[in-house]
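Worksheet for the structure shown next.
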Amino acid sequence: MNPLKSDEYPAIFNDYIETVTGDVMEELQEQIDTFPELIASIPEELGTYAYAEDKWSVKEVLCHIVDAERIMTYRALRFGRNDMTALASFEQDEFVINGRHNERKLADIAEEFVHLRKANMHLFKSFDETELARKGMASDRLISVRALLYIIAGHLNHHVIILKARYLKDQKLINDVV
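When we follow full-length UniProt numbering, the leftmost residue of the sequence shown carries the number 1, and every step to the right adds one.
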């Protein structure tokens, strides 16, 4: 895959993209193992924990990662297939409020992620350089398919960093699995 260029994505995604330090496809593949390992290290009773009032719970963060991956992959599919219809943004807080995430089991969220990412990897691997370079409008921002792959990997990385620093740091649960 050709390297990502700064004109392929809006600067708002820099923080996510900068967390991807190696080959994006390798990182996406590795996350299939490392992210569920992190989830497995979290006791079920910690799933509804939020580090502050008005912050998402652990389960809400995990499900947000899954929801965002679905949306970003849908965008990649549309643009990769040369559908240049502008796509609307999504309101992440509404997704969390209406997701009933705290009713789920952590193991179920991990399993869903694995199935989703494995399916997505088939799509990602099917893109050739022409498809990866295609751009479309999402949330009123021009973005390439290649950038969406970096954003998917980087978004997960970003939230893992937050989980470790703000949710799990005092829990003595992290063994650098992610």
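Backbone N, C-alpha and C fix where the C-beta goes; we use that ideal spot for every residue, glycine too.
Span of the beta strand (DSSP E) around residue i
i           : result
residue 141 : 141–144
Cβ-based burial, residue i [other Cβ within 10 Å; buried from 16]
i           : result
residue 165 : exposed
residue 130 : exposed
residue 8   : buried
residue 36  : buried
residue 21  : exposed
residue 81  : exposed
residue 123 : exposed
Beta-carbon contacts of residue i that lie in its chain and below 6 Å, excluding the five residues immediately before and after
i           : result
residue 137 : 86
residue 16  : 151, 154, 155 and 158
residue 65  : 156 and 159
residue 100 : none
residue 141 : 10
Interface flag, residue i vs chain D, CB-CB below 8 Å
i          : result
residue 45 : Structure shown: chain D not included; a single protein chain is present.
Bounding residues of the alpha helix (DSSP H) (the contiguous stretch that carries residue i)
i          : result
residue 14 : 14–17
8 Å Cβ shell around residue i - same chain, five flanking residues per side excluded
i          : result
residue 61 : 159, 162, 163 and 167
Close Cβ partners of residue i (< 7 Å) along its chain, the five nearest in sequence each way excluded
i          : result
residue 79 : 134, 135, 136 and 145
*Count the C-beta pairs between the stretch 88–98 and the stretch 40–47 that are closer than 8 Å, then say yes if the count reaches three, no if not.*
no
*May I ask you to verify whether the stretch 105–117 touches the stretch 50–57, counting CB pairs closer than 8 Å and requiring at least 3?*
No, they do not touch.
*What are the complete beta strand (DSSP E) segments, minimum 3 residues, inside the UniProt domain "DinB-like" (28–160)?*
The UniProt domain "DinB-like" (28–160) contains, as complete beta strand (DSSP E) runs of 3+ residues, the segments 135–138 and 141–144 (chain order).
*Please determine if the stretch 94–104 and the stretch 12–21 are in contact, where contact requires at least 3 C-beta pairs separated by less than 8 Å.*
The answer is no - the stretch 12–21 does not touch the stretch 94–104, with fewer than three Cβ pairs under 8 Å.
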